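Encoded as structure tokens, the structure appears first; notes follow it.
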Amino acid sequence: MTLVSPALDQIRLDVSTRQLFELLPDVSFFIKDKAGRLIHCNEVHRRGIFRYGNADDLYGKANHDFFPNALANSFAEDDQRVIRDGESIVEQCELNITSAGSLSWFCTTKVPARDCHGKIVGLVGISRRLEAADHRIGDFELLSAALDHIQKNFSQQIRVQTLAAACQLTEATFRREFEKLFRMTPLQFILRLRLHEACLRLSANSDSIGDIAYQCGFDDQNYFARFFKRTMNMTPSEFRARQNPRQDSTRPENRSEK
DNA sequence: CACCAACGGAGCACGCTCCA
DNA sequence: TGGAGCGTGCTCCGTTGGTG
613 MTLVSPALDQ IRLDVSTRQL FELLPDVSFF IKDKAGRLIH CNEVHRRGIF
663 RYGNADDLYG KANHDFFPNA LANSFAEDDQ RVIRDGESIV EQCELNITSA
713 GSLSWFCTTK VPARDCHGKI VGLVGISRRL EAADHRIGDF ELLSAALDHI
763 QKNFSQQIRV QTLAAACQLT EATFRREFEK LFRMTPLQFI LRLRLHEACL
813 RLSANSDSIG DIAYQCGFDD QNYFARFFKR TMNMTPSEFR ARQNPRQDST
863 RPENRSEK
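Spelled out as structure tokens, the structure:
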């Protein structure tokens, strides 16, 4: 694969190392510039996560070009911690979207990328499906009962107490272990899952926003709309319109456009 | 008039943070 | 590790505006 970005030349990562990552079947490898734009990635990253066959379709794009705002904001914050603060993120578990549009667990490591003077010019990262991240599975298994419960019941009310009991941990210990692994509270995690599911359903079908809110575990459509706007910077109907511009051209709110 | 979508306020329950 | 207090998530109201 050819490298298209001049910014990549600044980063001290020799060609054989990049080639090595091209050969790994289960490791997604990527390099981003200082602005968080993708400047290099391997085959797994292109096809496994993004379904992009051509590298040119990916390079120069940032998180917001690939993910819903809620996910993109979270990833961008992480990127900036690495690029701006020089902080490494090691083996962070996160829920992400696969090429098939489903959710899956990934284990991600990001470190600052430096030029020959040691100055940070971007970041280098790897990400693996959690099933492949063997040495982290111990931590994951500790909480697996809770994660199963969340994924099966995210459309219903979930209490932290219930999740802790499922893992045979006290509530306080469960919360600490959870935050250590996911860098977010259990409730934030559940909300992110619900929001992501709502985004998928808003994009994929024409159910009313109220129905989708209930399907995704929001008992109150009003609360759902407020939470959605706060997180995504747009209302659910605006999000749907952006995802399905053609389909949405028939919707009432767009008919007034001249 | 009915329905849908979005917004705002009030109050309660409970999740989270802090500290011993 | 667990308890206490605080902050906020969530629910239940109501209202407004647009459309059929």
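Taken in order, the first sequence gives residues 613 to 870; the numbers are from the working numbering.
Heads up, the beta-carbon is just placed ideally off N, CA and C, and yes, glycines get one too.
A quick note: this is a predicted structure, and the numbers were derived from the prediction, not measured.
Just to confirm the assignment, what range does the beta strand (DSSP E) spanning residue i have?
i    : result
K644 : V639 to D645
I651 : L650 to C653
If I'm right that residue i touches residue j with Cβ under 8 Å, what's the distance once you round it to whole angstroms?
i    : j    : result
K722 : G737 : 4 Å
K790 : R806 : One point to set straight first is that residue 790 is Phe, not Lys, in the sequence displayed. Going by Cβ atoms, the distance from F790 to R806 rounds to 17 Å, so no, they are not a contact pair.
A674 : R649 : 5 Å
C828 : R813 : 7 Å
A757 : C779 : 5 Å
Which of the three DSSP states is assigned to residue i in this structure?
i    : result
C871 : Because residue 871 is not part of the residues shown, which for the chain are 613 to 870, the question remains open.
S756 : helix
L735 : strand
R741 : strand
Y671 : coil
D831 : coil
D690 : helix
S849 : helix
H729 : coil
Q763 : helix
Q769 : coil
D677 : helix
D819 : coil
For the alpha helix (DSSP H) holding residue i, just list the boundary residues, first then last.
i    : result
C811 : P798 to A816
L793 : E783 to F794
DSSP beta-bridge partners for residue i?
i    : result
I701 : K722
Taking 6 Å as the limit between beta carbons, can you name the residues of its chain near residue i, skipping five residues before and five after?
i    : result
D819 : none
S700 : V723
D823 : none
Who are the near neighbours of residue i in its chain, counting only those whose CB is closer than 7 Å to its CB and skipping five residues on each side?
i    : result
P798 : V772, L775, R787 and F790
V639 : F633, V656, I738 and R740
D690 : I701 and K722
M846 : none
Which same chain residues end up closer than 8 Å to residue i when comparing Cβ atoms and leaving out the 5 residues on each side of it in sequence?
i    : result
D832 : A825
I643 : L620, I623, L625, L650, I651, H652, C653, A725, G734, L735, V736 and G737
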